[in-house]
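Visitor: Submitted below is the structure of interest, expressed as structure tokens.
Chains as they are written, first to last, in our numbering: chain A, 2 to 261; chain B, 474 to 781.
Structure, rendered in structure tokens:
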């Protein structure tokens with residue numbers, strides 16, 4: 002076992018231990034739509050997450066303000082980030098870094114800046130903010146996340162953000178009452194298909210109080226699903242049909258536009 | 474109106490795609506080229522990944538060249554025997570090209586290889602065509618009779634054995650360069666994701682002395698054959714042919730190609746060559762500029778493996 006893996010294992014244990022004690026509050030949350038269907042006219046959508054904080058007898062009496070962090074993770078995929086350098090007068094890809102099983106969509110929403118919520122140590126442990134989310138890279142023979150200002154990591158986050166796939170908004174979560182909250186989950190048009198995990202963390206006085214999870218999925222239906230499945234599973238028939246379609250279109254056009 | 478492309482996983486404006494198809498179709502009908510070297514970069518510009526663009530464009534070119542070939546067939550502007558011999562080489566070349574493509578991809582740097590071959594091929598072919606067309610036009614302007622070098626002028630190609638008479642083109646040449654040209658076009662088409670008509674037409678004109686009357690129609694037949702094979706191979710190997718995207722491009726493409734073919738018949742041969750040369754040169758230079766100037770972003774992301 003490499004030191005990196007040991008470290009992440011220790012981190013996991015810590016996380017598990019940290020979430021256990023003091024079940025003073027309960028989090029209830031739900032998204033407005035658990036199944037987003039991609040239809041021919043799909044052009045992005047915005048889901049709404051609603052939730053409430055339920056106090057019980059064990060809740061410390063003085064505790065009135067809460068902090069919330071909502072993390073949405075899309076289906077995971079391996080990505081490669083390449084860097085261009087000038088060689089022999091032209092710009093070519095020289096260096097590359099592989100990102101392993103990173104979410105295709107990643108959004109972090111909070112009710113106020115992470116720095117105001119918790120100490121940097123807690124932020125790191127709870128993966129609050131794009132800078133603290135674990136993005137595993139292949140570094141030589143090891144797997145590890147690197148410092149947030151690593152050139153490849155920051156370029157990766159920046160490019161994903163430009164496509165609307167990675168986002169961080171520390172004013173997106175709004176408390177309607179001291180215990181009732183809502184936030185929007187904007188999904189861009191070119192959104193990855195698959196299961197999305199939503200993790201809601203409740204913080205108070207700079208520490209994690211409790212957390213809950215929910216999920217939604219983005220699926221292709223009807224014609225889109227039919228085409229995508231057949232392209233993947235019946236390549237030969239799909240190719241034949243596409244070729245036949247090409248010939249038909251060409252032939253029909255020459256009939257329609259025939260003038261002689 | 475937005476439409477969602479099932480394989481490209483992307484919504485695009487249907488009218489934009491139709492317009493792109495029509496514009497490229499017009500050019501392809503006019504010059505008797507597939508138009509892949511225009512369509513593929515355009516699709517990438519819209520946001521479709523290069524792999525999907527290349528795979529889907531091949532079926533679009535097949536449709537475009539089929540409708541073009543049909544109208545040339547009716548005008549008896551196709552040399553069937555020449556097309557058949559070209560196809561033998563083309564089939565072989567396409568298979569070879571796909572194998573090379575796979576090898577290049579496993580070695581990495583495929584994008585760079587594609588860009589470099591675009592630059593080298595487009596600027597050289599476009600440059601030569603432009604220059605030739607310009608000289609022919611200057612000669613015509615000066616009142617000199619356009620020198621028709623065809624009969625009697627022999628190049629080294631005419632010394633090769635296995636000669637065959639291609640009646641409709643009124644040429645008598647060895648089949649070796651014909652198969653060789655087919656092989657080259659099939660190979661380049663598969664590796665670069667283009668129809669290859671813009672290289673094929675000048676090769677047929679300058680090397681084999683195929684007359685302008687049959688060169689475009691015949692080249693369309695070869696393009697049709699290689700692109701059909703390419704579509705099949707792309708659908709079989711990497712499942713990246715987007716049928717919806719292809720269909721929209723086709724509808725625009727075949728419509729444009731009809732008008733293009735008519736426009737092409739109205740323009741004189743050397744002017745046609747000058748225009749095409751200019752167009753090819755422009756695309757080649759654009760690729761060269763992209764390689765030379767500092768890119769806006771030095772970093773790129775590519776998905777390597779979907780973790781589903």
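Ideal Cβ positions, reconstructed from N, Cα and C, are used throughout, including at glycine.
1. What does a CB cutoff of less than 6 Å around residue 512 (chain B) pick up in its chain, not counting 5 residues either side in sequence?
2. Using only alpha-carbon positions, find the residue among B:666, B:722, B:676 that is nearest to residue 700 (chain B).
3. Evaluate residue 728 (chain B) with the Cβ neighbour count: other Cβ atoms within 10 Å of its Cβ, from every protein chain shown; 16 or more gives buried, anything less gives exposed.
4. Please classify residue 738 (chain B): does DSSP put it in a helix, a strand, or coil?
5. Just reading off the alpha helix (DSSP H) that residue 137 (chain A) is part of, what are its end residues?
6. For the 8 Å Cβ check, are there 3 or more pairs between the stretch 583 to 599 of chain B and the stretch 686 to 697 of chain B?
7. Using a Cβ-Cβ distance cut-off of 7 Å, determine whether residue 723 (chain B) contacts chain A.
8. Can you pull out the residues from the stretch 188 to 220 of chain A whose beta carbon lies closer than 7 Å to at least one beta carbon of chain B?
9. For residue 521 (chain B), which residues in the same chain have their Cβ closer than 6 Å to its Cβ, ignoring the five residues on either side in sequence?
10. Does the stretch 560 to 573 of chain B touch the stretch 644 to 659 of chain B, meaning 3 or more C-beta pairs lie closer than 8 Å?
11. With a floor of 3 residues, list each beta strand (DSSP E) that falls wholly inside the stretch 165 to 192 of chain A, ordered by position along the chain.
12. Could you say which of A:92, A:233, A:193, A:208 lies nearest to residue 586 (chain B) if we only look at CA atoms?
13. Check the DSSP bridge columns for residue 213 (chain A) and list the partner residues they point to.
14. State the DSSP-derived secondary structure class of residue 152 (chain A), mapped to helix, strand or coil.
15. Do you know how far the Cα of residue 546 (chain B) is from the Cα of residue 502 (chain B)?
16. Quick check: is the beta carbon of residue 543 (chain B) nearer than 7 Å to any beta carbon in chain A?
17. Can you give the beta carbon distance from residue 100 (chain A) to residue 82 (chain A), rounded, assuming they're within the 8 Å contact cut?
18. Look up residue 51 (chain A) in the DSSP assignment and say whether it is helix, strand or coil.
19. Pick from A:65, A:94, A:169: whose alpha carbon is nearest that of residue 768 (chain B)?
20. Taking only runs that begin and end inside the stretch 511 to 570 of chain B, name each unbroken alpha helix (DSSP H) of 4 or more residues, in chain order.
21. If you draw a straight line from the alpha carbon of residue 747 (chain B) to that of residue 573 (chain B), how long is it in whole angstroms?
22. Give, in chain order, every unbroken run of the alpha helix (DSSP H) that is at least 4 residues long and sits entirely within the stretch 677 to 724 of chain B.
23. Let's test the definition: count the other Cβ atoms within 10 Å of the Cβ of residue 731 (chain B) and tell me whether it reaches 16, buried, or not, exposed.
24. Go through its chain and collect everything with a Cβ distance to residue 736 (chain B)'s Cβ below 8 Å, but skip five positions before and after it.
25. Can you find a CB in chain B that lies within less than 7 Å of the CB of residue 154 (chain A)?
26. Do residue 30 (chain A) and residue 215 (chain A) have their C-beta atoms closer together than 7 Å?
27. Looking at the C-beta of residue 561 (chain B), does it have a partner C-beta in chain A at a distance below 7 Å?
28. Counting pairs of beta carbons, one from the stretch 675 to 691 of chain B and one from the stretch 712 to 723 of chain B, are three or more of them closer than 8 Å?
29. Assuming residue 536 (chain B) and residue 723 (chain B) are in contact, meaning their beta carbons sit under 8 Å apart, how far apart are those beta carbons, in whole angstroms?
30. DSSP on residue 775 (chain B), reduced to helix/strand/coil?
31. Count the C-beta pairs between the stretch 44 to 55 of chain A and the stretch 223 to 242 of chain A that are closer than 8 Å, then say yes if the count reaches three, no if not.
32. How is residue 100 (chain A) classed by DSSP in three states: helix, strand or coil?
33. Less than 8 Å between the CB atoms is what I'm expecting for residue 98 (chain A) and residue 153 (chain A), so what's the real figure, rounded?
34. With distances taken between CB atoms, is the gap from residue 188 (chain A) to residue 46 (chain A) smaller than 7 Å?
35. If I follow the unbroken beta strand (DSSP E) through residue 81 (chain A), where does it start and stop?
36. In the DSSP assignment, what residue or residues form a beta bridge with residue 71 (chain A)?
Guide: According to the structure shown:
1. 497, 530
2. B:666
3. buried
4. helix
5. No alpha helix (DSSP H) contains residue 137 (chain A), which DSSP labels as neither H nor E.
6. no
7. yes
8. 190, 191, 194, 195
9. 481
10. yes
11. 167 to 170, 181 to 188
12. A:92
13. A:201
14. helix
15. 13 Å
16. yes
17. 7 Å
18. strand
19. A:94
20. 523 to 547
21. 33 Å
22. 685 to 710
23. buried
24. 499, 502, 503
25. no
26. yes
27. no
28. no
29. 4 Å
30. strand
31. no
32. strand
33. 4 Å
34. yes
35. 77 to 88
36. A:110, A:201
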